[in-house]
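Data block below; observations after.
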Amino acid sequence: MDNNFNIKDKVCVITGGSGVLGGEVAAYLLKQKAKVVILGSNQERLDAKLAILSAIEPNNVIGYVCSVIEENEVKETSKKILEKWGCIDVLINAAGGNMPGATISEDKTIFDLELADFDKVSNLNLKGTLIPSLVFGKHMAKQGKGVILNYSSMAVYQAITRVIGYSSSKAAVTNLTQWMAMEFAIKFGDKLRVNAIAPGFFVAQQNSKLLLNTDGSYTSRGQKIINNTPMGRFGKAEELNGAIHWLISDASSFVTGAIVPVDGGFSSFSGV
Ligand SMILES: NC(=O)c1ccc[n+]([C@@H]2O[C@H](COP(=O)([O-])OP(=O)(O)OC[C@H]3O[C@@H](n4cnc5c(N)ncnc54)[C@H](O)[C@@H]3O)[C@@H](O)[C@H]2O)c1
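Using the working numbering, the first residue of the sequence shown is number 53, and each one after it goes up by one.
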């Protein structure tokens with residue numbers, strides 16, 4: 053019987069692959085014998101991650117500095133990948149994040165929001181998902197198959213204090229996922245799929261100061277999140293791998309437009 057979870061030799065592009073969650077899935081996919089391309093905006097972080105990933109499977113991983121909000125850079129990078137490996141099977145849009153000006157700290161109100169930072173965060177999360185989806189998606193449409201996986205968030209379903217720019221742009225990523233799933237399936241057939249995961253709370257570069265004190269104990273915000281997570285802990289980056297593997301493989305061939313929570317029960321818990 054065919055193993056429809058088999059992703060050996062699939063060319064998987066991971067934006068934000070130098071980050072915590074993107075880097076973790078890159079390592080996992082290499083162990084599944086996939087070919088992995090990581091994209092990051094910072095050369096040093098990219099090189100450091102490539103060194104770690106090359107130790108797993110040196111011939112199956114490459115990386116490029118490429119900003120996901122610069123269409124020309126993404127187009128140039130897609131050419132290089134095609135020259136190297138001839139096709140692109142999977143796009144994982146893990147680049148994303150937040151910045152202080154687009155958040156409302158406890159001593160401020162919404163009227164202190166810095167619109168320039170709000171724009172930057174919106175741009176990174178929404179257009180930084182849209183642009184690679186258009187560039188790599190066009191290639192997938194030509195080849196008649198391909199899978200896109202986006203990163204939504206728990207900040208989408210219910211309002212979470214402070215993170216206004218992040219939440220609204222991740223809500224847009226959820227809608228974009230559904231919209232592109234519809235568009236691809238109707239216009240290009242059932243072999244092109246677009247889904248998202250909605251991670252709960254995982255400690256990463258962008259949020260570690262919000263969740264943990266320097267001694268590793270929970271901040272008061274971190275503690276509130278733990279209290280609202282039935283499993284009573286933060287997620288470990290590797291706990292996203294199972295859902296991602298399923299969504300990018302033929303095992304989910306009739307799944308498109310889905311947003312899969314991986315959150316220790318956060319989204320289903322009333323808090324009572
Ligand atoms: N950590 C969590 O709890 C959590 C929860 C829900 C969703 N997410 C989402 O998961 C994704 C991965 O986040 P993470 O936690 O690994 O964060 P991270 O900060 O460790 O990684 C994000 C990566 O994106 C890269 N990046 C930033 N701007 C870029 C650009 N213009 N072009 C290319 N790359 C760029 C950064 O260099 C970094 O490597 C993000 O979209 C994030 O919003 C994270």
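Using N, Cα and C, we set each Cβ at its ideal position, and we do this for glycine too.
Within 10 angstroms of its Cβ, does residue i collect 16 or more other Cβ (buried), or is it exposed?
| i | result |
| --- | --- |
| Phe306 | exposed |
| Val324 | exposed |
| Met192 | buried |
| Leu201 | buried |
| Pro110 | exposed |
| Ser322 | exposed |
| Phe57 | exposed |
| Ala207 | buried |
| Ile66 | buried |
| Met283 | exposed |
| Arg285 | exposed |
| Ser157 | exposed |
What I want to know is whether the C-beta of residue i ends up closer than 7 angstroms to one or more non-hydrogen atoms of ligand 1.
| i | result |
| --- | --- |
| Asn259 | yes |
| Ala146 | yes |
| Gly92 | yes |
| Ser2 | Residue 2 cannot be examined here, being either before or after the span of the chain that is shown, 53 to 324. |
| Tyr203 | yes |
| Phe306 | no |
| Val120 | yes |
| Arg97 | yes |
| Leu176 | yes |
| Gly74 | yes |
Just to check my reading of the structure: residue i and residue j have Cβ atoms closer than 8 angstroms, yes? What is that Cβ distance to the nearest angstrom?
| i | j | result |
| --- | --- | --- |
| Ser204 | Ile311 | 5 angstroms |
| Gly309 | Ala233 | 3 angstroms |
Just curious, the alpha helix (DSSP H) that residue i is in, first and last residue?
| i | result |
| --- | --- |
| Asn227 | Ile216 to Phe240 |
| Asn279 | Ser272 to Asn279 |
| Tyr80 | Val72 to Lys83 |
| Thr129 | Glu123 to Trp137 |
| Val324 | From DSSP, Val324 is part of no alpha helix (DSSP H); its letter is neither H nor E. |
| Ile296 | Asn293 to Ile300 |
Between which two residues does the beta strand (DSSP E) carrying residue i extend?
| i | result |
| --- | --- |
| Lys172 | Here Lys172 belongs to no beta strand (DSSP E); instead the alpha helix (DSSP H) covers Leu167 to Ser174. |
| Asn247 | Leu244 to Pro251 |
Exercise for review: Indicate whether the contact test is met: 3 or more Cβ pairs, each with one atom in the segment 167-178 and one in the segment 216-227, closer than 8 angstroms.
Suggested key: Because the criterion of three Cβ pairs below 8 angstroms is met, the segment 167-178 and the segment 216-227 touch.
Check your understanding: Is it true that the segment 123-136 meets the segment 148-157, where meeting means three or more beta-carbon pairs spaced less than 8 angstroms apart?
Key -> At 8 angstroms Cβ cutoff, the stretches do not touch.
Check your understanding: Any contact of the segment 285-294 with the segment 226-237, i.e. 3+ C-beta pairs under 8 angstroms?
Key -> Verdict: no, contact absent.
Review point. Quick one: any contact between the segment 60-70 and the segment 95-108, if contact means 3 or more CB pairs under 8 angstroms?
Key: Touching, yes, given that three or more Cβ pairs across the two stretches are closer than 8 angstroms.
Review point. When the Cβ atoms of the segment 73-87 are set against those of the segment 292-305, are three or more pairs found closer than 8 angstroms?
Key: Contact between the segment 73-87 and the segment 292-305 is present: three or more C-beta pairs spanning the two stretches fall below 8 angstroms.
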